[in-house]
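Numbering that gives the first Met the number 0 puts the first residue of the sequence shown at 0, with every later residue one more than the last.
Where is the CB? At the ideal position from N, CA and C, for every residue including glycine.
Because the structure is a prediction, the values reported are computed rather than measured.
Note sheet for the following structure.
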Amino acid sequence: MSVLVTGGCGYIGAHVVHALQETDKDVVVVDDLSYGRPDRIGNARLYGADVAAPGADQRLAEIIEENKVDSVIHFAARKQVGESVEKPIWYYRQNLNGMINVLSAMAKTNAKKLVFSSSAATYGEPPVDVVPEDVQPMVPINPYGQTKLVGEWMARACEQPYGIRFCALRYFNVAGCGPVSLEDPAVLNLIPMLFDRLRQGKAPAIFGDDYPTPDGTCVRDYIHVSDLADAHIAALDYLDRDQRRYDAFNVGTGQGTSVRQIVDEVKKVTGLPFTEAVKPRRAGDPPHLIGDPTRINTEMGWHAKYGVEEIVESAWKAWQANPAHHIDTDGWQQQD
Ligand SMILES: NC(=O)c1ccc[n+]([C@@H]2O[C@H](COP(=O)([O-])OP(=O)(O)OC[C@H]3O[C@@H](n4cnc5c(N)ncnc54)[C@H](O)[C@@H]3O)[C@@H](O)[C@H]2O)c1
């Protein structure tokens with residue numbers, strides 16, 4: 000039996016392909032290579048296809064049957080919050096049509112286990128600092144987050160009629176790198192943004208230092224991408240069990256790290272004596288966003304192994320190893 004990984008040539012997908020290969024799983028990847036790179040997936044079989052295209056469900060069903068796939072991990076999607084605000088219809092087409100095609104292919108075939116890449120963006124601006132999965136209300140504040148929440152609803156609706164066993168992993172702030180060849184070239188999140196400013200010889204920026212947090216800067220839950228990859232392996236095992244109580248899990252550490260603490264860690268790891276600039280707050284940045292990991296800890300036995308130090312160190316190592324390929328995405332704000 001094989002595992003189909005959509006978007007397996009991307010940053011997180013490639014780390015998961017790597018983790019699956021370490022457990023000797025047979026892996027098949029579908030990726031349109033819009034952001035991914037084929038050299039990231041070792042000897043996994045690659046099918047170049049757009050999962051969101053009309054009729055892609057038929058092609059996915061053929062791939063599933065040809066490769067005797069029993070499990071699907073669905074990453075293939077667009078992930079830029081700012082871009083989703085500017086192009087909502089396109090985001091709905093990309094992310095929701097992709098999910099519909101994956102579910103349709105699974106409904107027609109024997110692939111009945113689905114792990115879905117969801118996001119802390121589904122929570123919007125939650126009323127608590129440490130967020131449990133069943134927090135109410137759950138109101139995403141941008142089209143990207145909406146596509147993830149609706150994706151969860153669609154998969155849940157397909158469980159009973161088509162026998163699909165599903166779980167959503169809601170990632171918090173993913174960062175760091177495993178093997179340096181799997182680095183995320185997009186400059187969307189805080190750590191690569193800090194590195195990118197340093198590369199340009201400009202002062203890194205902190206957006207707001209007057210939040211109601213211990214040092215006044217926003218607090219987030221940083222998760223090492225290698226820990227996140229292991230959470231997907233744990234999720235596949237969980238779907239094999241008969242007793243499954245939940246279908247949505249936070250993948251976070253339960254620990255908050257402030258923007259200023261990350262800036263200090265970057266100074267320590269890089270050895271560069273920069274002075275950061277403090278700028279006004281950005282719209283839509285909640286002061287705290289930390290995932291309560293109790294459910295994934297107890298139900299799947301998964302715990303994060305790495306802390307912020309390993310995250311920044313591994314990110315810096317990968318950044319230095321790949322000086323040429325960073326994609327300049329200045330202006331987009333990533334919030335998950
Ligand atoms: N990186 C994060 O911080 C983060 C946080 C929360 C959730 N997520 C979700 O995790 C998933 C993976 O994120 P990532 O950081 O690895 O992104 P990425 O852009 O590096 O990877 C996405 C991969 O999917 C492929 N792809 C995109 N649209 C496709 C399509 N229509 N058909 C086929 N392939 C397609 C791309 O070529 C790329 O290889 C996404 O669904 C994203 O929304 C990411």
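Contact between the segment 183-202 and the segment 139-148 is absent: fewer than 3 CB-CB pairs across the two stretches fall below 8 Å.
Beta-bridge annotation (DSSP): residue 5 is paired with 29 and 73.
Look at the beta carbons and you see the segment 272-285 not touching the segment 225-241: under three pairs across the two are nearer than 8 Å.
Under the 10 Å beta carbon count, residue 301 is surrounded by 16 or more other beta carbons and is classified as buried.
Residue environment: residue 292 is assigned as buried (16 or more neighbouring CB atoms within 10 Å of its CB, all protein chains considered). Taken through DSSP and simplified to helix, strand or coil, residue 129 comes out as strand.
Counting only residues of its own chain and dropping the five nearest sequence neighbours on each side, residue 49 has a CB closer than 7 Å to the CB of 31 and 55. With a cut-off of 8 Å on Cβ pairs, the segment 153-167 is not in contact with the segment 209-225, counting fewer than three such pairs. For the 8 Å CB-CB criterion, residue 110 and residue 3 form a contact. In this structure residue 226 touches residue 304 by the C-beta definition: roughly 6 Å separates them, less than 8 Å.
Closest in C-alpha terms to residue 193, from the list 144, 37, 268 and 247, comes 268. One thing to note: residue 181 has its Cβ within 8 Å of the Cβ of residue 14. Here the distance from the Cβ of residue 86 to the nearest heavy atom of ligand 1 is not below 7 Å. Taking a cut-off of 8 Å for Cβ pairs, the segment 245-264 and the segment 127-136 touch, as three or more such pairs fall below it. Taking C-beta atoms as the reference points, residue 59 and residue 84 fail to come closer than 8 Å.
Residue pairing by DSSP places residue 112 opposite 70 and 164 in a beta bridge. Taking the CA atoms as reference points, residue 159 sits about 14 Å from residue 103. Here DSSP, grouped into helix, strand and coil, assigns residue 16 to helix. The straight-line gap separating the alpha-carbon atoms of residue 113 and residue 295 is approximately 16 Å. At a threshold of 7 Å, residue 74 counts as near ligand 1, since its beta carbon sits closer than that to one of the ligand's heavy atoms.
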